[in-house]
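Count along the sequence shown starting at 1, add 23, and that's the number in this note's numbering. We put the beta carbon where it would ideally sit given N, CA and C, even for glycine. Nothing here was measured: the structure is a model prediction, and the numbers come from that model.
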Amino acid sequence: MIGIIFAVATAFFWGCYGPALGLARSSATPPEWSPYKPYVFIGVAYLVWGVFGGLLAMKLVPAVPDNLSFTGKYLPAMKWGFLAGSLGAFGALTLTFAMFKAKNAGLVMPIVFGGAVSVTAIVSLLVLRSGGVETHTSPMLWVGMALVAIGIILVAQNTPHGAPPKPKAADQAAAAPAESPAAEPAQH
Numbered sequence: 024m025i026g027i028i029f030a031v032a033t034a035f036f037w038g039c040y041g042p043a044l045g046l047a048r049s050s051a052t053p054p055e056w057s058p059y060k061p062y063v064f065i066g067v068a069y070l071v072w073g074v075f076g077g078l079l080a081m082k083l084v085p086a087v088p089d090n091l092s093f094t095g096k097y098l099p100a101m102k103w104g105f106l107a108g109s110l111g112a113f114g115a116l117t118l119t120f121a122m123f124k125a126k127n128a129g130l131v132m133p134i135v136f137g138g139a140v141s142v143t144a145i146v147s148l149l150v151l152r153s154g155g156v157e158t159h160t161s162p163m164l165w166v167g168m169a170l171v172a173i174g175i176i177l178v179a180q181n182t183p184h185g186a187p188p189k190p191k192a193a194d195q196a197a198a199a200p201a202e203s204p205a206a207e208p209a210q211h
């Protein structure tokens, strides 16, 4: 049950990730900073929480007796951990690209997280098969993936979206047509 609670917590944190990244964008027109500026602090957060949080958890909440060695029999932890972290970082970068181009977290996030579920299933299947494990794939897996795709479309189309940002006063003044002098009333 504890694993399910942590899974729900992960869904919560990652579900808030996209909207938070959307808030990190400049709302000005034209933008006042690059959409990649927040990515720097995504990296800082990964460093702080990943390295220091991981080291702290190794010492305070060990599932098994642990040490700080990453060589020998511990090499897979370093190798696969680095690959997983790189994939996460590349995901954060491509999410930044997606948010910059789509301009809508409500559209991007269902695609990202709905798609991630299907990719996880396919990669897990391929890893098992490449390891020589004989697997039977239920047709319901493919039905589930089709339902995920339908769900992505439904969620993306029906997520409430805010109004586009209003232009600044200086932008409005520049866009307003020049007023012609009013005709003076005729004097009789």
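Residue interval of the alpha helix (DSSP H) (run including Asn181): From DSSP, the alpha helix (DSSP H) with Asn181 extends over Pro162 to Asn181.
8 Å contact criterion, which Gly66 and Ala121 should meet: CB distance rounded: At roughly 18 Å, the Cβ-Cβ gap does not stay under 8 Å, so Gly66 and Ala121 are not in contact.
For Asp89 and Gly104, the rounded distance between their alpha carbons: 16 Å
C-alpha gap between Leu164 and Val84, whole angstroms: Put simply, the backbone Cα of Leu164 is about 35 Å away from that of Val84.
From Ile134, Leu116, Ser153 and Ile176, residue whose alpha carbon lies closest to that of Val63: Per the Cα distances, Leu116.
Endpoints, alpha helix (DSSP H) assigned at Trp37: Ile25 to Ala47
Span of the alpha helix (DSSP H), counted from its first residue to its last, around Leu79: Gly76 to Leu83
Proximal residues to Leu148 (C-beta, below 6 Å), its chain only, five neighbours per side dropped: none
Bounding residues of the alpha helix (DSSP H) (the contiguous stretch that carries Gly66): Lys60 to Ala68 is the extent of the alpha helix (DSSP H) around Gly66.
Beta-carbon proximity check, Gly41 vs Val131, cutoff 8 Å: yes
Span separating the alpha-carbon of Arg152 from that of Ala51: Using only the alpha carbons, I get a separation of about 50 Å.
Uninterrupted alpha helix (DSSP H) stretches inside the region 80 to 128 (no shorter than 4 residues): 98 to 125
Ile175 burial status per 10 Å Cβ neighbour count (16 or more: buried): By the 10 Å Cβ count, Ile175 comes out buried.
Selection from Ala169, Ala125, Gly137 and Gly108 that minimises the alpha carbon distance to Ala34: When each option's Cα is compared against that of Ala34, the closest is Gly137.
Buried or exposed (CB count within 10 angstroms, at least 16 for buried), Leu44: Burial is judged here by how many other beta carbons sit within 10 angstroms of a residue's own beta carbon; Leu44 has at least 16 and is buried.
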